[in-house]
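Engineer: To start, I am sharing the structure in question, which I have written as C-alpha cells.
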Amino acid sequence: LGLFTGIGLSEAKARETLRNGALSALLRRAVLQARSTLGPALDKATGTLLYNTAARLKDPKHLGFLVGYITRREILTDLQLSAALEYVRNHPLEPLDVADFERACGVGVCITPEQIEEAVEAVISKHRTELLAERYHFNMGLLMGEARNQLRWADGKTIKNEVDLQVLHLLGPKTEADLEKKPKVTKARLAPAEKQKVAVVENGDMGTETRSLLEQLRGEALKFHKPGENYKTEGYMVTPNTMALLKQHLAITGGQVRTRFPPEPNGILHIGHAKAINFNFGYAKANGGVCFLRYDDTNPEKEEEKYFTAIREMVEWLGYQPYAVTHASDYFDQLYTWALELIRRGQAYVCHQKVEEIKGHNPPPSPWRDRPVEESLLLFEDMRKGKFGEGEATLRMKLVMEDGKMDPVAYRVKFTPHHRTGDKWCIYPTYDYTHCLCDSIEHITHSLCTKEFQARRSSYFWLCNALDVYCPVQWEYGRLNLLYTVVSKRKIIRLVETGAVRDWDDPRLFTLTALRRRGFPPEAINNFCARVGVTVAQATMEPHLLDACAREVLNEQAPRAMAVLEPLKVTITNFPAPKALEILVPNFPADESRGFHKVPFHQTIYIEEMDFREEADKGYKRLAPGQPVGLRHTGYVITVQNVIKDVSGHVMELEVTCTKSDVAEKPKAFIHWVSVPLSCEVRLYERLFLHKNPEDPSEVPGGFLSDLNPDSLRVVHNALVDSSVHSARPFDKFQFERLGYFSVDPDSEEGKMVFNRTVTLKEDPGKA
Numbered sequence: 001l002g003l004f005t006g007i008g009l010s011e012a013k014a015r016e017t018l019r020n021g022a023l024s025a026l027l028r029r030a031v032l033q034a035r036s037t038l039g040p041a042l043d044k045a046t047g048t049l050l051y052n053t054a055a056r057l058k059d060p061k062h063l064g065f066l067v068g069y070i071t072r073r074e075i076l077t078d079l080q081l082s083a084a085l086e087y088v089r090n091h092p093l094e095p096l097d098v099a100d101f102e103r104a105c106g107v108g109v110c111i112t113p114e115q116i117e118e119a120v121e122a123v124i125s126k127h128r129t130e131l132l133a134e135r136y137h138f139n140m141g142l143l144m145g146e147a148r149n150q151l152r153w154a155d156g157k158t159i160k161n162e163v164d165l166q167v168l169h170l171l172g173p174k175t176e177a178d179l180e181k182k183p184k185v186t187k188a189r190l191a192p193a194e195k196q197k198v199a200v201v202e203n204g205d206m207g208t209e210t211r212s213l214l215e216q217l218r219g220e221a222l223k224f225h226k227p228g229e230n231y232k233t234e235g236y237m238v239t240p241n242t243m244a245l246l247k248q249h250l251a252i253t254g255g256q257v258r259t260r261f262p263p264e265p266n267g268i269l270h271i272g273h274a275k276a277i278n279f280n281f282g283y284a285k286a287n288g289g290v291c292f293l294r295y296d297d298t299n300p301e302k303e304e305e306k307y308f309t310a311i312r313e314m315v316e317w318l319g320y321q322p323y324a325v326t327h328a329s330d331y332f333d334q335l336y337t338w339a340l341e342l343i344r345r346g347q348a349y350v351c352h353q354k355v356e357e358i359k360g361h362n363p364p365p366s367p368w369r370d371r372p373v374e375e376s377l378l379l380f381e382d383m384r385k386g387k388f389g390e391g392e393a394t395l396r397m398k399l400v401m402e403d404g405k406m407d408p409v410a411y412r413v414k415f416t417p418h419h420r421t422g423d424k425w426c427i428y429p430t431y432d433y434t435h436c437l438c439d440s441i442e443h444i445t446h447s448l449c450t451k452e453f454q455a456r457r458s459s460y461f462w463l464c465n466a467l468d469v470y471c472p473v474q475w476e477y478g479r480l481n482l483l484y485t486v487v488s489k490r491k492i493i494r495l496v497e498t499g500a501v502r503d504w505d506d507p508r509l510f511t512l513t514a515l516r517r518r519g520f521p522p523e524a525i526n527n528f529c530a531r532v533g534v535t536v537a538q539a540t541m542e543p544h545l546l547d548a549c550a551r552e553v554l555n556e557q558a559p560r561a562m563a564v565l566e567p568l569k570v571t572i573t574n575f576p577a578p579k580a581l582e583i584l585v586p587n588f589p590a591d592e593s594r595g596f597h598k599v600p601f602h603q604t605i606y607i608e609e610m611d612f613r614e615e616a617d618k619g620y621k622r623l624a625p626g627q628p629v630g631l632r633h634t635g636y637v638i639t640v641q642n643v644i645k646d647v648s649g650h651v652m653e654l655e656v657t658c659t660k661s662d663v664a665e666k667p668k669a670f671i672h673w674v675s676v677p678l679s680c681e682v683r684l685y686e687r688l689f690l691h692k693n694p695e696d697p698s699e700v701p702g703g704f705l706s707d708l709n710p711d712s713l714r715v716v717h718n719a720l721v722d723s724s725v726h727s728a729r730p731f732d733k734f735q736f737e738r739l740g741y742f743s744v745d746p747d748s749e750e751g752k753m754v755f756n757r758t759v760t761l762k763e764d765p766g767k768a
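Residue numbers for the sequence shown follow the UniProt record's numbering, so the first one is 1 and each next one is one higher.
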C-alpha cells in the first residue's frame with residue numbers, strides 16, 4: 001500500500017489496485033525498477049505513467065523495456081505512452097526495432113515554444129474570418145486540434161495556453177455579448193413514421209432504412225481485428241512463427257474477411273440459427289468478405305441427408321449464398337495426420353478411462369497421461385484399425401480449458417459408416433479438435449460463435465499453436481432465444497413422437513422450415529435479427545416481436561384477397577344485373593399502381609357469421625335489422641329484409657336489398673364478402689405452450705410436454721375464399737381482408753386449397 005501511495009495514488013485507488021492481483025504485481029515490478037534508477041522518491045507524473053503502463057500493457061514481457069524509457073525521461077507524456085503501448089501491441093515478437101519504436105513514440109523530439117507559437121498563429125490565421133464573426137462563441141477546440149495535428153508531440157497544456165493568448169490578442173477581452181450562451185439550434189423533428197423506421201435486411205442486402213444488420217456489422221462497429229492482425233486480440237497466443245503464418249495467410253486471402261457458418265447436420269435449423277446465419281454471412285458481406293457453409297459432420301450416428309439439404313435450403317432462403325460448401329469430413333485425412341503430429345510433440349495421448357469417468361469438470365486425472373509417445377502412436381493406430389471397441393480408448397489433448405475441464409477428447413471410436421466416407425474410418429474427431437483446425441485450413445479470419453463456446457477459446461488457440469498452423473480468432477456473441485417455445489432437437493423429436501406436432505416443419509414450432517411453412521417471409525426473420533442486434537449478452541425475445549416484423553413485410557408484399565371463415569349465406573333480392581358482375585379489387589389499396597384483380601359479385605354472397613346480429617348492441621356497427629352495411633369494393637350498401645332460421649333457431653340465411661352507396665346513407669361499417677367462392681381449409685395457430693419458459697421446472701414442474709396449449713391449432717374445414725387465389729402455389733402469401741395474413745400450405749391439392757394463418761392483422765394486446 002505504501003509503495004503505491006508513494007507514487008501519487010490515493011489510498012482508495014491503491015487499495016482498489018491491490019484487489020487486482022495481476023495489476024498490482026505488474027505495478028510493483030514497475031515501481032521497484034523505477035526506484036532502482038531514480039531513487040525512492042518518485043514524482044507524481046512518473047507515478048502516473050508507471051500506473052498507466054501496468055494497467056494498459058497487454059504483454060508483460062515488454063514492461064521493463066517501457067519502464068526504462070520512462071525512468072530515462074524519454075517517454076514524458078501520456079500521448080507518448082499511448083503510442084508506445086500501441087507499438088508493442090502491433091509488434092509482438094522480439095527483438096523490437098528500437099529506432100523504429102523511438103520514431104513512433106516521439107522519443108527525442110523537442111518542440112520549442114517558437115514552433116508552438118508559429119503553429120497556433122497559422123491555425124488562427126486560417127480561421128480568422130469565423131473568429132471575428134463568432135468571437136468567443138467559436139469552437140476553440142477546433143484550433144487546439146489542428147495545432148496538435150501539426151505538432152503531435154507538443155504538450156497539450158502549452159498549446160492551450162498559446163491558443164488562449166493569441167485569441168485574446170485578436171479579439172480582446174470578453175464582452176457581455178460574449179458571455180451570453182450561444183442560442184441552441186433547433187433540430188428538425190422527425191415525423192412519427194420516420195421515428196418508427198426499423199432495421200431492414202432484404203435477402204441479405206441492406207435496405208433503405210437506418211441501422212440495418214449490415215450497418216451494425218460493418219467496419220469498426222464490432223471492434224473486431226482486421227484480417228492479419230489476429231495478434232491484437234485479447235488472449236491471442238503469439239509464437240515465434242505467428243507473424244510468418246499470418247503473412248502466408250494474407251497472401252492466400254488477399255486480406256479478405258472470411259467467416260463460416262458450421263451447423264451440425266443432425267437436425268433442422270431454428271430461429272436462433274437465423275441470428276448465427278445473419279451474423280456470419282452478414283459480417284462477411286458487410287465487410288467485403290466471404291462466408292463458407294461448413295457442415296460439422298463428425299458424428300455419423302445422428303446425421304441424415306435430409307438435414308444437409310434442409311440446412312442449405314434455409315441459408316439460401318434467408319438470402320445468403322455460401323462462398324463454398326464444405327464438410328469437416330473433407331479434411332479427415334489432414335486431421336488424422338495432425339493428430340499423429342500432436343502425439344509426436346507430446347501434446348496428446350491415448351487414454352482408456354470410460355466416458356462416465358471423464359464426464360464433468362473435475363474428473364480424476366488420467367493414469368495414462370504420461371505414457372510414452374511411441375506407445376500412444378501405436379495405440380492410436382490400433383484405434384484407427386478398429387482394434388478397440390467403442391468407449392475402450394480415446395485420444396486426449398494435454399490442456400486445461402477455461403472452464404477447468406482437463407484434457408478434452410480429440411478422437412473417439414465409432415463403428416458407424418459415414419454418409420460421405422463410408423467405412424474408411426472407425427475413429428472420428430470431436431468438435432474441440434476439429435473446429436479450430438478446419439477454420440485454419442479454410443483460412444477463416446473471424447470464427448464467430450455463441451457465448452457458450454467462450455470456455456473453448458483457450459483450447460482453440462492452444463491447438464493451432466501446438467501444431468504450429470495458422471490460428472484464426474474466435475469471437476463470441478449472445479444466443480437468441482424465444483419465449484413460449486422449445487428449440488432443442490431432442491425435445492422437438494419428443495413433440496413429434498408424442499403427436500403434439502406433425503413434424504419439424506409444424507407451423508407452431510420455431511424451426512426455420514416451420515416459420516417458412518407458416519408464411520413468415522425471410523426478410524421478416526432477417527429484420528427480427530437486426531432488431532435484436534449484435535449483442536454479447538444472451539437475448540430472450542417475445543414471439544410477438546417476430547410477428548410485428550412479419551406484419552411490416554407482409555403489408556408490403558402480400559396482395560389482398562377476401563375470405564370467409566364462418567360463412568353465412570346472403571341473397572340480394574334486388575340484385576341489379578341478370579348475371580354476376582366483375583368487381584375490380586386493388587391488390588394493394590394504399591398503392592393502386594400495383595394492379596388489380598377481378599372477383600365475381602353475384603346475387604348470392606357469403607359474409608362472416610359474426611358480421612350479423614339480430615339485435616345491434618350499443619357500439620355494434622355491422623349488419624343488423626335496421627342497420628345496413630357497405631360491401632367492400634362493390635359500391636353497394638345492403639339492408640336486411642328477412643332472416644331465415646332452421647328449426648333450432650339458428651340463422652341460416654339472410655335476404656337483403658342493395659342500394660348504390662352514392663345514394664344510400666353512409667353506413668357505419670364496411671364488411672368483406674365472397675361470391676362464387678372456392679372452398680378451402682384454413683389452419684389458425686396459437687402458441688404451442690402456455691407458459692413463457694416451458695422448460696423451466698419452477699414454471700412448469702410437470703415438464704414441457706405437460707404445458708401444451710390444447711387450443712394451439714384450430715382447423716376451419718369449410719372456409720370460403722374468393723376465386724382470385726385459384727392459381728396460388730405453396731408458400732404464396734395473401735392478406736385476407738380484416739382477418740390476417742395467410743400462406744398457402746404444401747398440403748394444398750387440386751380443388752382444396754389449405755391456408756395457414758401467419759399472423760393476425762393487429763397484435764393481440766393480451767400477448768404483448
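C-beta: ideal position from N, C-alpha, C; glycine also.
With a cut-off of 8 Å on the beta carbons, I'd call T394 and R412 a contact; round off their distance for me.
Structural biologist: On the sequence shown, position 394 is the one that residue 394 refers to. On the sequence shown, position 412 is the one that residue 412 refers to. Right, the Cβ-Cβ distance comes to about 5 Å (below 8 Å), so this counts as a contact.
Engineer: Straight-line CA distance for T37 to T71?
Structural biologist: Counting from 1 along the sequence shown, the entry for residue 37 is found at position 37. Counting from 1 along the sequence shown, the entry for residue 71 is found at position 71. Straight-line Cα distance between these residues: approximately 7 Å.
Engineer: Does DSSP put L467 in a helix, in a strand, or in coil?
Structural biologist: The count along the sequence shown starts at 1 and reaches residue 467 at position 467. Looking at L467 - three-state DSSP - the assignment turns out to be coil, as it is neither helix nor strand.
Engineer: Residues in the same chain with beta-carbon distance under 6 Å from V599, minus the five sequence neighbours each way, listed in chain order, please.
Structural biologist: Walking along the sequence shown from the start, residue 599 turns up at place 599. Cβ within range, chain order: I583, V585, D722 and S724.
Engineer: Between the Cα of T450 and those of L3, A276 and C680, spot the shortest distance and give me the residue it belongs to.
Structural biologist: Taking the first residue of the sequence shown as 1, we reach residue 450 at position 450. Of L3, A276 and C680, the residue nearest in Cα terms is A276.
Engineer: Mind checking which residues open and close the alpha helix (DSSP H) that includes K630?
Structural biologist: Residue numbering aside, residue 630 sits at position 630 when the sequence shown is read from its first letter. Here residue 630 is Gly; the residue named in the question, Lys, does not match the sequence. Where G630 is concerned, there is no enclosing alpha helix (DSSP H), although the beta strand (DSSP E) it sits in stretches over V629 to L631.
Engineer: CA-CA distance, P472 and H443?
Structural biologist: Within the sequence shown, residue 472 is the residue found at index 472, counting from 1. Within the sequence shown, residue 443 is the residue found at index 443, counting from 1. Using only the alpha carbons, I get a separation of about 7 Å.
Engineer: Under a three-way DSSP split, which group does R396 fall into?
Structural biologist: The residue labelled residue 396 in the question sits at position 396 within the sequence shown. Correct three-state label for R396: strand.
Engineer: Report the residue ranges of all beta strand (DSSP E) runs contained in full by the region 305 to 352; include only those spanning at least 3 residues, in chain order.
Structural biologist: The qualifying runs are 324 to 327 and 348 to 351.
Engineer: With a threshold of 16 other CB atoms inside 10 Å of the CB of N362, please say whether the residue is buried or exposed.
Structural biologist: Within the sequence shown, the letter at position 362 stands for residue 362. So N362 counts as exposed.
Engineer: Between E681, L690 and E686, which has its C-alpha nearest M749's C-alpha?
Structural biologist: Your numbering for residue 749 matches position 749 in the sequence shown. Sequence check: residue 749 is Glu here, not Met. It is E681.
Engineer: Given this structure, state the Cα-to-Cα distance separating L3 from H691, to the nearest angstrom.
Structural biologist: The count along the sequence shown starts at 1 and reaches residue 3 at position 3. The count along the sequence shown starts at 1 and reaches residue 691 at position 691. Cα to Cα, L3 sits roughly 58 Å from H691.
Engineer: Within the chosen definition, does the region 518 to 531 reach the region 453 to 462 through at least 3 CB pairs nearer than 8 Å?
Structural biologist: Too few Cβ pairs lie closer than 8 Å, so no.
Engineer: Could one say the Cβ of L467 lies closer than 7 Å to chain C's Cβ atoms, at least one of them?
Structural biologist: Structure shown: chain C not included; a single protein chain is present.
Engineer: Can you tell me whether H327 is buried or exposed? The criterion is at least 16 other CB atoms within 10 Å of its CB, across all chains shown.
Structural biologist: Along the sequence shown, read from residue 1 onward, the residue named residue 327 stands at position 327. Buried, by the Cβ-count rule.
Engineer: Measuring straight from C-alpha to C-alpha, what distance separates A25 and L32?
Structural biologist: Residue mapping note: residue 25 aligns to position 25 of the sequence shown, counting from 1. Residue mapping note: residue 32 aligns to position 32 of the sequence shown, counting from 1. Those two C-alpha atoms are separated by around 11 Å.
Engineer: Quick one: what's H270 bridged to in DSSP?
Structural biologist: Along the sequence shown, read from residue 1 onward, the residue named residue 270 stands at position 270. DSSP lists T511 as partners of H270.
Engineer: So Y87 is in the alpha helix (DSSP H); what residue range does that whole segment cover?
Structural biologist: Sequence index remark: in the sequence shown, residue 87 carries index 87 (1-based). Element bounds for Y87: D78 to N90.
Engineer: Indicate the three-state DSSP secondary structure (helix, strand or coil) for T450 in the structure shown.
Structural biologist: Here residue 450 refers to the residue found at position 450 of the sequence shown. Correct three-state label for T450: strand.
Engineer: Going by the beta-carbon positions, is the gap between V754 and L720 smaller than 7 Å?
Structural biologist: In the sequence shown, counting from the first residue as 1, residue 754 sits at position 754. In the sequence shown, counting from the first residue as 1, residue 720 sits at position 720. No, the pair does not count as a contact, with Cβ atoms beyond the cut-off.
Engineer: Would you call the region 643 to 651 in contact with the region 702 to 722, where contact means no fewer than 3 C-beta pairs closer than 8 Å?
Structural biologist: Short answer: they don't touch.
Engineer: Count the C-beta pairs between the region 411 to 426 and the region 363 to 370 that are closer than 8 Å, then say yes if the count reaches three, no if not.
Structural biologist: Verdict: no, contact absent.
Engineer: Please return the same chain residues whose Cβ sits closer than 7 Å to the Cβ of K187, not counting the five positions on each side in sequence.
Structural biologist: The residue you call residue 187 lines up with position 187 of the sequence shown. The predicted model places K187 with a pLDDT of 48, which falls under 50 and marks its position as unreliable; any figure quoted below should be read in that light. For K187, where only same-chain residues beyond five positions count, there are no Cβ hits under 7 Å.
Engineer: Using the beta-carbon count (16 or more within 10 Å), is C529 buried or exposed?
Structural biologist: Working through the sequence shown from its first residue, we reach residue 529 at position 529. By the neighbour-count rule (16 or more Cβ atoms within 10 Å), C529 is buried.
Engineer: Excluding sequence positions up to five away, which residues of its chain have a Cβ less than 6 Å from the Cβ of C549?
Structural biologist: Position 549 of the sequence shown, counted from the start, is the residue given in the question as residue 549. Around C549: A524, N527 and F528.
Engineer: By DSSP, does H443 sit in helix, in strand, or in coil?
Structural biologist: Looking up residue 443 in the sequence shown gives position 443. H443: coil per DSSP, three-state reduction.
Engineer: Roughly how many whole angstroms lie between the Cα atoms of V629 and I638?
Structural biologist: Taking the first residue of the sequence shown as 1, we reach residue 629 at position 629. Taking the first residue of the sequence shown as 1, we reach residue 638 at position 638. Rounded to whole angstroms, V629 to I638 spans 6 Å at the Cα level.
Engineer: Fully enclosed by the region 487 to 549, which alpha helix (DSSP H) runs are 4 residues long or longer?
Structural biologist: 489 to 497, 512 to 518 and 522 to 532, all fully within the region 487 to 549.
Engineer: Are the region 480 to 488 and the region 256 to 264 in contact at 8 Å, needing three or more beta carbon pairs?
Structural biologist: No, the region 480 to 488 is not in contact with the region 256 to 264.
Engineer: To the nearest angstrom, report how far apart T175 and E134 are at their CA atoms.
Structural biologist: Locating residue 175 in the sequence shown gives position 175, counting from the first residue. Locating residue 134 in the sequence shown gives position 134, counting from the first residue. In a straight line, the C-alpha of T175 is about 12 Å away from that of E134.
Engineer: Name the one or two DSSP bridge partners that S743 has.
Structural biologist: Counting from 1 along the sequence shown, the entry for residue 743 is found at position 743. Paired residues: K733 and N756.
Engineer: Checking the sheet assignment: what are the DSSP bridge partners for A624?
Structural biologist: As a first step, residue 624 is located in the sequence shown; it is residue number 624 there, counting from the start. In the DSSP output, where bridge partners are listed per residue, A624 has Q627.
Engineer: Hey, out of D78, R73, L165 and P694, whose CA is closest to E118's CA?
Structural biologist: As a working note, residue 118 is residue 118 in the sequence shown. That would be L165, whose Cα lies nearest to the Cα of E118.
Engineer: Tell me whether the beta-carbon of G8 lies closer than 7 Å to the beta-carbon of G47.
Structural biologist: In the sequence shown, residue 8 corresponds to position 8, counting from 1. In the sequence shown, residue 47 corresponds to position 47, counting from 1. Cβ atoms of G8 and G47: closer than 7 Å.
Engineer: For Y606, count neighbouring C-beta atoms within 10 Å of its own C-beta (all shown protein chains included) and say buried if the count is 16 or more, exposed if not.
Structural biologist: Mapped onto the sequence shown, residue 606 falls at position 606. Burial call: buried.
Engineer: Can you give me the C-alpha to C-alpha distance between D59 and K232, rounded to a whole angstrom?
Structural biologist: Counting from one through the sequence shown, the residue named residue 59 turns up at place 59. Counting from one through the sequence shown, the residue named residue 232 turns up at place 232. The straight-line gap from Cα to Cα measures roughly 11 Å.
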